[in-house]
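Asks: Sequence positions in the sequence shown follow numbering that gives the first Met the number 0 and run 0 to 164. Beta carbons are placed, not taken as given, at the ideal position from N, Cα and C, and that holds for glycine. Please read these numbers as outputs of a predicted model, since none were measured by experiment. Sending over a structure as structure tokens; questions will come in a sec.
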Amino acid sequence: MVVGSVLFTFGFACAVPFAALAAISAMTLGRRDALATTGAIWLANQAMGFAFLRYPTDSETLAWGAALGLVALLSCETAGFVMRRLAGVVGASVAFLAAFVAYEGSIILIDVAIGYRGVALAPETIARIFLINVSAFGVLWALHATTSVLGLTRKLRVELASRHI
0 MVVGSVLFTF
10 GFACAVPFAA
20 LAAISAMTLG
30 RRDALATTGA
40 IWLANQAMGF
50 AFLRYPTDSE
60 TLAWGAALGL
70 VALLSCETAG
80 FVMRRLAGVV
90 GASVAFLAAF
100 VAYEGSIILI
110 DVAIGYRGVA
120 LAPETIARIF
130 LINVSAFGVL
140 WALHATTSVL
150 GLTRKLRVEL
160 ASRHI
């Protein structure tokens, strides 16, 4: 997923589907691993942004970067909370929606708190971000389901678990 987030970073820059990635992490990994994976996804996004997309290095950009990391972790925790209470397709769907609301809602709250009335609050922007996230979630969920049916997910976990690092 971290490699996928790098591709999303180059494709979408500031519209990386963190809510979708956090929800998939929460659905497919234990709590600690899901949070670690979400943090790694955020870190890869920031590294690519600053190294290749020339994100500015002013204090506002750095603060927003840190805030996005915290918001991504909150989204992961929110999706995990839902998944611990609901199962199946309903649980996965509600987990994704909860992660998106947590993510986008937090961004909007931060915008309002700092007095910024920018593009993030525009309905068109929120709709665009939602479409990116729901598309990414659908593709990642389908990949997970496919690898699970083929037995690749379990096989990979067993192989990784048997390695002593």
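Please return the same chain residues whose Cβ sits closer than 7 Å to the Cβ of Ala-97, not counting the five positions on each side in sequence.
Replies: Residue numbering aside, residue 97 sits at position 98 when the sequence shown is read from its first letter. In the same chain as Ala-97, and ignoring 5 residues on each side of it, the C-beta atoms closer than 7 Å to its own belong to Thr-77, Ala-78, Val-81, in chain order.
Asks: For Val-165, name the three-state secondary structure that DSSP assigns.
Replies: With the chain represented from 0 up to 164, any question about residue 165 goes unanswered, as that position is not in the structure.
Asks: Using the three-state DSSP reduction, which class does Lys-154 fall into: helix, strand or coil?
Replies: Within the sequence shown, numbered from 1, the residue matching residue 154 stands at position 155. For Lys-154, the predicted structure reports a pLDDT of 45, less than 50, and the residue's modelled location is therefore unreliable. The matter cannot be settled from this model.
Asks: What separation, rounded to the nearest whole angstrom, lies between the Cα atoms of Gly-48 and Thr-146?
Replies: For the purposes of this step, residue 48 is identified with residue 49 of the sequence shown, where counting begins at 1. For the purposes of this step, residue 146 is identified with residue 147 of the sequence shown, where counting begins at 1. The alpha-carbon separation between Gly-48 and Thr-146 amounts to approximately 30 Å.
Asks: Among Ala-14, Ala-19, Val-15, which residue has its Cα nearest to the Cα of Ala-91?
Replies: For the purposes of this step, residue 91 is taken as residue 92 along the sequence shown, with counting starting at 1. Cα-wise, what sits closest to Ala-91 is Ala-19.
Asks: Can you give the Cα-Cα distance for Ala-33 and Ala-21, rounded to whole angstroms?
Replies: The count along the sequence shown starts at 1 and reaches residue 33 at position 34. The count along the sequence shown starts at 1 and reaches residue 21 at position 22. For Ala-33 and Ala-21, the distance between alpha carbons rounds to 7 Å.
Asks: Give the single residue among Trp-63, Val-93, Ile-109, Ala-50 whose Cα lies nearest to the Cα of Ile-23.
Replies: Numbered from 1 along the sequence shown, position 24 holds the residue referred to as residue 23. Cα-wise, what sits closest to Ile-23 is Val-93.
Asks: In terms of alpha-carbon separation, which member of Val-111, Gly-114, Leu-52, Gly-104 lies closest to Leu-73?
Replies: Your numbering for residue 73 matches position 74 in the sequence shown. When only C-alpha atoms are compared, the closest one is Gly-104.
Asks: Which stretch, first to last residue, makes up the alpha helix (DSSP H) that contains Ala-141?
Replies: Locating residue 141 in the sequence shown gives position 142, counting from the first residue. For Ala-141, the uninterrupted alpha helix (DSSP H) segment begins and ends at 122 to 148.
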